[in-house]
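Notes for the one structure printed next.
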Amino acid sequence: VQGGVPGSGADGLGEQREVVANHVRTTEAFAADVRAGRTEPADVVLWPENSTDVDPFTDQQTYAAIDGAVQTVGVPVLVGAITAGSEPDLRRNVGLVWTPDTGPGDGYVKRHLVPFGEYIPLRDVFAPMISRLNEIPRDFEAGDEPGVLDLGPVVVGDSLCYDIAFDRAVAPAVREGAELLVVQTNNATYRDTGQPDQQWAISRLRAIETGRDLVVASTNGISGVVAADGTVLARSTTDGAVVITETVQLADGLTPAVRFGAWWERGLVTLGLIGLAVSAGTRVGRRTTTERPAAGGSAPDAPGEPQQSVGSGTPGRAT
Numbered sequence: 008v009q010g011g012v013p014g015s016g017a018d019g020l021g022e023q024r025e026v027v028a029n030h031v032r033t034t035e036a037f038a039a040d041v042r043a044g045r046t047e048p049a050d051v052v053l054w055p056e057n058s059t060d061v062d063p064f065t066d067q068q069t070y071a072a073i074d075g076a077v078q079t080v081g082v083p084v085l086v087g088a089i090t091a092g093s094e095p096d097l098r099r100n101v102g103l104v105w106t107p108d109t110g111p112g113d114g115y116v117k118r119h120l121v122p123f124g125e126y127i128p129l130r131d132v133f134a135p136m137i138s139r140l141n142e143i144p145r146d147f148e149a150g151d152e153p154g155v156l157d158l159g160p161v162v163v164g165d166s167l168c169y170d171i172a173f174d175r176a177v178a179p180a181v182r183e184g185a186e187l188l189v190v191q192t193n194n195a196t197y198r199d200t201g202q203p204d205q206q207w208a209i210s211r212l213r214a215i216e217t218g219r220d221l222v223v224a225s226t227n228g229i230s231g232v233v234a235a236d237g238t239v240l241a242r243s244t245t246d247g248a249v250v251i252t253e254t255v256q257l258a259d260g261l262t263p264a265v266r267f268g269a270w271w272e273r274g275l276v277t278l279g280l281i282g283l284a285v286s287a288g289t290r291v292g293r294r295t296t297t298e299r300p301a302a303g304g305s306a307p308d309a310p311g312e313p314q315q316s317v318g319s320g321t322p323g324r325a326t
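In this note's numbering, the protein residues as written are 8 to 326.
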C-alpha cells in the first residue's frame, strides 16, 4: 500500500496524522474492492516506513485508526511506525506486525540510521553552529537484531529504507529464515532526485544476491515487486496513492553470497587483485627480456634507423 505524502515532501511527513490517514484510507478502499470482487484478496498487506507519523502506542486515535484498517482488511499488516525509544529523548523507526486477532506484536528496529537525517553526529559540536539541526530535536536509536518477522503465512526479512544499502543488514535475516524480503521506505524528502531509482536498483540487487523475491512499500514511490532473478514484476508509476497486488514465490535456500557473506566478496576481490598483479608482473618481465642488450653489445637501434651488420674485419667497421 502506497498511501502518498501530502505536499512536496519537503516537510517529510506533512501535517500530523495526514500520512497515517492516507494509508488507512487506501487500505480500506482495497478491502472494499476485495468485498466487491473487483480484486483478489491479499494474504498480507505491507505499509511503508513512517506510514504512521504518530506513535500508535501513545496516541489512542492513531491506534484506533490503524487497528480499524487491519480489522477491515482482515489479514496481518506490516506497519511502519515511529515509536518511543529507550530514553525520553530518543525515538525508534520500527517495522511493526499488526494482526486482526492480537493487534500490534513483534517489530524490527531500523539498524542503519541516516546521519544528519535520523540522528546528528557530534550534536553538541555542530548544533550550536548550524541552526537547521534544531529541526531534528531528537535522535533515533538503532536496533541490533535482524529484521526477521513472522507475518502470518510468511516469514519476512524486513529492511527500513537506508538498511537496504548494506548487505550485512539483509543477509542475516535470510540466514535466520526469511522467505521473502521487504523494504519499507519513506522517500518523501527525496522527490525530484535520483534517490528513489538508486534505492530501487539496490533492492533488485539484494533480490538477486539472496535468491529471494522482494517487495518495496514506499510512502510515495517507488513501490513494487522484484523476482529473485531481478525481474521487475510490478512497479508504481505515480507518487500518489496506489495499491499493488502481486503473487510472490517463497524460498528457503542460501546463495553463496548469503552463506559466506562478506568473505565471499573479499575472496573474489582478492583473486582479482592477484590476477592483475600477476598479469602486470608478466608484462614487465617480457619487456625487460626483450629490451636487455646482449653481453658486450650495444642497445637496439632506434626505430626507423638503418640496421648494420658487423663482420669479422676491423672492429667497428660496417661490411
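Even for Gly, the Cβ is constructed at its ideal location relative to N, Cα and C. For clarity, every value in this text was computed on a predicted model and none was experimentally measured.
Within a 10 Å sphere around the beta-carbon of L275 sit fewer than 16 other beta-carbons, which makes this residue exposed. Bridge partners of R99 according to DSSP: T90. Q256 has its alpha-carbon roughly 17 angstroms from the corresponding atom of R242. Bridge partners of A241 according to DSSP: V232. In this model, G184 and D259 are separated by some 7 angstroms (Cα to Cα). Between the segment 174-182 and the segment 134-144 there are fewer than three inter-stretch CB-CB distances shorter than 8 angstroms, so the stretches are not counted as touching.
A buried status is given to F37, since no fewer than 16 other beta-carbon atoms sit within 10 Å of its beta-carbon. Proximity to T200 across N227, R182, R213, A178 peaks at N227, based on C-alpha coordinates.
In this structure, the alpha-carbon of S225 lies about 12 angstroms from that of V232. In this structure, the beta-carbon distance from G150 to Y115 falls below 9 angstroms.
Note that the C-beta distance between V104 and L156 is below 9 angstroms. Boundaries of the beta strand (DSSP E) harbouring Y115: 110-116, taken from the DSSP string. CA-to-CA, the gap between D131 and R98 works out to about 18 angstroms. In the structure shown, D74 falls within a helical segment according to DSSP collapsed to helix, strand and coil.
Among the bridge pairs identified by DSSP, V163 is matched with L156, L187. Per the C-alpha coordinates, the member of R213, Q205, P203 positioned closest to A180 is R213.
If you check the CB distance, P111 and G81 do not come in under 9 angstroms.
Following the DSSP letters along the chain, one finds A224 in no alpha helix (DSSP H) but inside the beta strand (DSSP E) bounded by residues 221-225. Secondary structure note for I251: it is in no alpha helix (DSSP H), with a DSSP letter that is neither H nor E. Annotated three-state conformation of F173 is coil, per DSSP. When DSSP states are grouped into helix, strand and coil, W207 belongs to the helix group.
In this structure, the alpha-carbon of R290 lies about 17 angstroms from that of G279. Between the beta-carbon of N100 and that of E56 there is about 7 angstroms, and that keeps the pair under the 8 angstroms contact cut.
When DSSP reads this structure, Y126 sits in a beta bridge with P122. For V8 against H30, the beta-carbon gap comes to about 6 angstroms, under 8 angstroms, which counts as contact.
Partner residues in the beta bridge of V52, as assigned by DSSP, are V84.
If you ignore the 5 residues before and after A248, its C-beta comes within less than 7 angstroms of the C-beta of Q9, G10, G11, N29, T33, all in its own chain and listed in chain order. In this structure, A76 sits away from E25, with a CB-CB distance that is not shorter than 9 angstroms. Non-local beta-carbon contacts of D236 in its own chain, meaning distances under 8 angstroms to residues more than five positions away in sequence, involve A214, I215 in chain order.
For I229, the number of other beta carbons within 10 angstroms of its own is at least 16, and it is reported as buried.
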